[in-house]
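A short write-up of the structure that comes next.
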Amino acid sequence: MKISLLTTILILLFGSILHSQTIPPDSLYLGQTPPGNIPQVFAPGIVSLTGRAEYGISISPAGDEMLFALGNWPDKRTMIMKYENNHWTSPDTVSFSTTRSAEEAIYSPDGQRVYYYAYNPPNPIGGSDLCYSVKNGSVWSEPINLGMPLNTTQDEYHPCFVADSSVYFENAAGKICYSKYQNGAYLPRIVLPSMFNDPNMAWGNPYVSPNESYFIFNSSRPGGFGGTDLYISYKKIDGSWTNPKNLGNLINTATSESGSEITDDTLYMTYVSNNNIFWVGSNFIDSLKYTNFIPYILNLIPNQTATKGEPFTFTISDSTFIDDDGNNTLTYHAKLTSGSPLPAWLTFDTITGTFTGTPSNIETLYIRVTAIDTAGAQAATNFKIMVNNPVSIDQINGQHDGVRIYPNPTSGLINITPGSFSGNNATVEIRNPEGKVILLKADQNMTSIDLTGYPKGMYILKLFNDREMIVRKIVLND
8 MKISLLTTIL
18 ILLFGSILHS
28 QTIPPDSLYL
38 GQTPPGNIPQ
48 VFAPGIVSLT
58 GRAEYGISIS
68 PAGDEMLFAL
78 GNWPDKRTMI
88 MKYENNHWTS
98 PDTVSFSTTR
108 SAEEAIYSPD
118 GQRVYYYAYN
128 PPNPIGGSDL
138 CYSVKNGSVW
148 SEPINLGMPL
158 NTTQDEYHPC
168 FVADSSVYFE
178 NAAGKICYSK
188 YQNGAYLPRI
198 VLPSMFNDPN
208 MAWGNPYVSP
218 NESYFIFNSS
228 RPGGFGGTDL
238 YISYKKIDGS
248 WTNPKNLGNL
258 INTATSESGS
268 EITDDTLYMT
278 YVSNNNIFWV
288 GSNFIDSLKY
298 TNFIPYILNL
308 IPNQTATKGE
318 PFTFTISDST
328 FIDDDGNNTL
338 TYHAKLTSGS
348 PLPAWLTFDT
358 ITGTFTGTPS
368 NIETLYIRVT
378 AIDTAGAQAA
388 TNFKIMVNNP
398 VSIDQINGQH
408 DGVRIYPNPT
418 SGLINITPGS
428 FSGNNATVEI
438 RNPEGKVILL
448 KADQNMTSID
458 LTGYPKGMYI
468 LKLFNDREMI
478 VRKIVLND
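This note's numbering puts the first residue of the sequence shown at 8, with every later residue one more than the last.
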């Protein structure tokens, strides 16, 4: 009997559809009732057991396989469950983890690779290296080391591969790093900005969406609910990231939350809390994107110098504070770091962020500037204004009867060629950035001064006798 071409195509297409639907809908996620916006323990009594530590579940794109880790470092094993013969198998150690600690597994988009870190894998570069396994039928291969430059003699952990095969991961210091995949190779890693790697972060456990539109990680930064909390950041048009937002107290608790991953269907987030695996609906990804962003500091305000009796003006740079809702929402406030108001001579424009005034005393002001958005969220940073003595015409011209004072800037040693001051009972006076005299020395044969050990900053050097005087600004660097 002849079969038409169209019939053949339909049979092949139908067979392909049947083959791709290897698991019925009511068996997805082990047949668990999906959560809403309230997190639920994932598969209690099956995956999440009382008195046992589970970590980092990853579900295959087809939904017919899942991996999660058990145990404690340095002996963590990755377990596997499969949907076979119309039922889920019991957890068993996956092939690439039977003889070694391996965890934080994540499937590739086609489900044919699994990426993870393994302790002491084949061809080790460090103790823990980033590796992958390839699916051969129903069995995963032994670890294949991803090699350098991803792996170093240090430990690497928690890989997250995105659509273009670039990877986000952690190094041994707990810093989140990124390596771009380009022309068939990985470029040297870069450590991500401080918003992802602030000193209070602990381990970040990055999850980045395949299209890199959002970034979820855990941090113990101030302002959280306790331990490490989960945060989300969004990619901006210019390629930078927004200030991270806490996922809130429905997800974050007084204990630690970590190890997040979004399921392949984008409907749920899995994560770890109190040694159990939880899952929750992913609606927060869109909803948080449209809530207020807290302003943050991108660039510190540089210290400023002013001159006694001369007009002073300084405007804070637009790149000092960033508000991802738009910098036009910010107003500024300034006061001394002690909490006292600015001195009478110094005024501050809260809209433009401009300081103006004419100082009447030699002093150093320690100032705190705060940026506040329309929702009342704020960020603050400090800087100082050092008011010095007026500088002579000699300072402007840079020459005076053969006198040379060098090098300037200096790391400590200042050489003096006294010129016309030689043999005329010259005196050298040096004032620190606060205007206090730290050296006063009369010596007709003065040839050098050593300021090694003094704080870096702007110093005033005065060389004088009973007939003439010059004043120089001296910059002391490290």
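Positions of the beta carbon are idealized from the N, C-alpha and C atoms, including for glycine.
What you are looking at is a predicted structure, and each value in this text was computed from that prediction instead of being measured.
**Asked** Count the other CB atoms within 10 Å of the CB of His94; is the residue buried (16 or more) or exposed (fewer)?
**Response** So His94 counts as exposed.
**Asn472 - DSSP class collapsed to helix/strand/coil** = Under the three-state reduction of DSSP, Asn472 is assigned to coil, being neither helix nor strand.
**Message:** If distances are taken between C-alpha atoms only, which option among Ala449, Lys480 and Gly360 comes closest to Tyr413?
**Reply:** Residue Lys480 is the option with its Cα nearest to Tyr413.
**Item:** 7 Å Cβ shell around Asp494 - same chain, five flanking residues per side excluded
**Value:** As displayed, the chain neither begins before 8 nor continues past 485, which places residue 494 out of reach and without an answer.
**Prompt:** Below 8 Å, can you find three or more Cβ-Cβ pairs linking the region 293 to 303 to the region 55 to 62?
**Reply:** No, the region 293 to 303 does not touch the region 55 to 62.
**Message:** Taking the beta strand (DSSP E) that Leu295 belongs to, which residues open and close that run?
**Reply:** Leu295 -> not in any beta strand (DSSP E); alpha helix (DSSP H) instead, spanning Phe291 to Lys296.
**Request:** Give a yes or no on whether the C-beta atoms belonging to Ile369 and Leu349 are separated by under 9 Å.
**Result:** The answer is no: Cβ separation not under 9 Å.
**DSSP three-state assignment for Thr336, whether helix, strand or coil** = Reduced to three states, the DSSP call for Thr336 is helix.
**Prompt:** Does the beta-carbon of Glu91 have 16 or more other beta-carbons within 10 angstroms, so that it is buried, or is it exposed?
**Reply:** By the Cβ-count criterion, Glu91 is exposed, with fewer than 16 other Cβ atoms from all chains shown falling within 10 Å of its own Cβ.
**Ser27 versus Ala69 - alpha carbon distance** = Bear in mind that a pLDDT of 41 at Ser27, under 50, signals an unreliable position, so the number given afterwards is only what the model happens to contain. When rounded, the distance between both Cα atoms is 8 Å.
**Prompt:** Using DSSP with H/G/I as helix, E/B as strand and the rest coil, what is Gly38?
**Reply:** Helix, per DSSP.
**Cβ separation of Phe75 and Met86, assumed to be a contact under 8 Å, to the nearest whole Å** = Indeed, because the Cβ distance is near 6 Å, the residues count as touching under 8 Å.
**Item:** Touch test, the region 224 to 239 against the region 30 to 44, Cβ-Cβ under 8 Å, three pairs minimum
**Value:** No contact exists between the region 224 to 239 and the region 30 to 44.
**Request:** Starting from Phe103, follow the beta strand (DSSP E) in both directions and report where the run begins and ends.
**Result:** No beta strand (DSSP E) holds Phe103; DSSP gives it neither H nor E.
**Item:** Straight-line Cα distance separating Asp325 from Met276
**Value:** Roughly 37 Å separates the two Cα atoms.
**Request:** Give the secondary structure of Pro318 by DSSP, where H, G and I count as helix, E and B as strand, and everything else as coil.
**Result:** Looking at Pro318 - three-state DSSP - the assignment turns out to be coil, as it is neither helix nor strand.
**Prompt:** Based on Cα-Cα distance, which residue from Pro425, Asp332 and Ser263 lies nearest to Thr454?
**Reply:** Comparing Cα-Cα distances from Thr454 to each of Pro425, Asp332 and Ser263, the minimum goes to Pro425.
**Request:** Please look up how many angstroms separate the CB atoms of Leu237 and Tyr278, rounded, as I've assumed it's under 8 Å.
**Result:** With a beta-carbon spacing of about 6 Å, Leu237 and Tyr278 fall inside the 8 Å limit used to define contacts.
**Message:** Once the 5 residues before and after Leu307 are set aside, which same chain residues still bring their CB inside 8 Å of it?
**Reply:** Correct list, in chain order: Thr327, Thr388 and Phe390.
**Message:** Do Ile258 and Ala50 have their beta-carbon atoms positioned less than 9 Å apart in this structure?
**Reply:** Not a contact, by the Cβ cut-off of 9 Å.
**Message:** Using 8 Å for Cβ pairs, my map puts Asn290 next to Asn130. What's the rounded Cβ distance?
**Reply:** Contact between Asn290 and Asn130 does not hold, since their C-beta atoms are separated by about 43 Å, which reaches or exceeds 8 Å.
**Request:** Tell me whether Phe285 sits in a helix, a strand or coil according to DSSP, three-state version.
**Result:** Correct three-state label for Phe285: strand.
**Request:** Within the same chain, show all residues whose beta-carbon is closer than 8 Å to that of Asn158, passing over the 5 residues directly before and after it, in chain order.
**Result:** Correct list, in chain order: Ile132, Gly133, Asp136, Leu137 and Asn152.
**Request:** Ignore the nearest five residues each way along the sequence and tell me which others in Thr320's own chain have a CB closer than 8 Å to its CB.
**Result:** Excluding sequence neighbours, Thr320 sits near Thr361, Phe362 and Thr363.
**Item:** Residues near Asn178 in its chain [Cβ-Cβ closer than 7 Å; skip 5 each side]
**Value:** Cβ within range, chain order: Gln161, Glu163 and Cys184.
**Message:** Can you give me the C-alpha to C-alpha distance between Lys182 and Asn143, rounded to a whole angstrom?
**Reply:** Here the alpha carbon of Lys182 sits roughly 34 Å from the alpha carbon of Asn143.
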